[in-house]
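Undergrad:
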Amino acid sequence: MKKLILILGAFLCVSLLLVSCGNEDDKKKEKVVDTPESDAKKSAECVCEAMDLMAKAMEDPTNEDLQKDSEKLEKKCKEIGEEMEGKYEDQDSEDTKKYLEALEKEMENCE
10 MKKLILILGA
20 FLCVSLLLVS
30 CGNEDDKKKE
40 KVVDTPESDA
50 KKSAECVCEA
60 MDLMAKAMED
70 PTNEDLQKDS
80 EKLEKKCKEI
90 GEEMEGKYED
100 QDSEDTKKYL
110 EALEKEMENC
120 E
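When you line the sequence shown up against this note's numbering, it's residues 10 to 120, in that order.
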């Protein structure tokens, strides 16, 4: 149970924190295709799924299927987090501001 909560907590942090720790060459290769709003929706969906999974884990800590679900979610959220790292690292850019505003709105819908 503690491991599941730790993993889900890590997903939450990765998806919300836009930490730049990647290679500069990778950032130059990256092409921005999605809009900040669609990126925010993907990030928020990941966080909402993690919150739902944590709630289920609290209700039924013996459910082994939740571990499998958490591993799938970890992979998905990690990919999304890595995708967002290079796109929105400049806090003063218009795209980053749009992304953060859209993320806040999407997170309000998360229940």
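By construction, the Cβ of each residue, glycine as well, lies at the ideal position given by its N, Cα and C atoms. It should be emphasised that the depicted structure is a prediction, and the values quoted were computed from it without experimental measurement.
Assuming contact is defined by CB atoms lying nearer than 9 angstroms, are Lys50 and Glu115 in contact in what I supplied?
TA: Yes, the pair counts as a contact, with Cβ atoms nearer than the cut-off.
Undergrad: Work out the CA separation of Cys119 and Glu110 for me, nearest whole Å.
TA: If I take the Cα positions, the gap works out to 15 angstroms.
Undergrad: Measure the alpha-carbon distance for Glu113 versus Asn72 and round it to whole angstroms.
TA: Near 32 angstroms, if we compare the C-alpha coordinates of Asn72 and Glu113.
Undergrad: May I ask you to report which of helix, strand or coil DSSP gives Thr105?
TA: If DSSP states are grouped into helix, strand and coil, Thr105 belongs with the helices.
Undergrad: Taking contact to mean at least 3 C-beta pairs separated by less than 8 angstroms, is the region 51-65 in contact with the region 82-92?
TA: Touching, yes.
Undergrad: May I ask you to report which of helix, strand or coil DSSP gives Asp76?
TA: Going by the sequence as given, residue 76 is Gln instead of Asp. Gln76 falls in the helix class under three-state DSSP.
Undergrad: Between which two residues does the alpha helix (DSSP H) holding Glu46 run?
TA: Here the alpha helix (DSSP H) through Glu46 covers 45-68.
Undergrad: Please classify Asp69 as buried or exposed, where buried requires at least 16 neighbouring CB atoms within 10 angstroms.
TA: By the neighbour-count rule (16 or more Cβ atoms within 10 Å), Asp69 is not buried but exposed.
Undergrad: Tell me whether Glu80 is buried or exposed, calling it buried when 16 or more other Cβ atoms sit within 10 Å of its Cβ.
TA: Per the 10 Å Cβ criterion, exposed.
Undergrad: Going straight from the alpha carbon of Glu103 to that of Glu54, what length do you get?
TA: Rounded to the nearest angstrom, the two C-alpha atoms are 22 angstroms apart.
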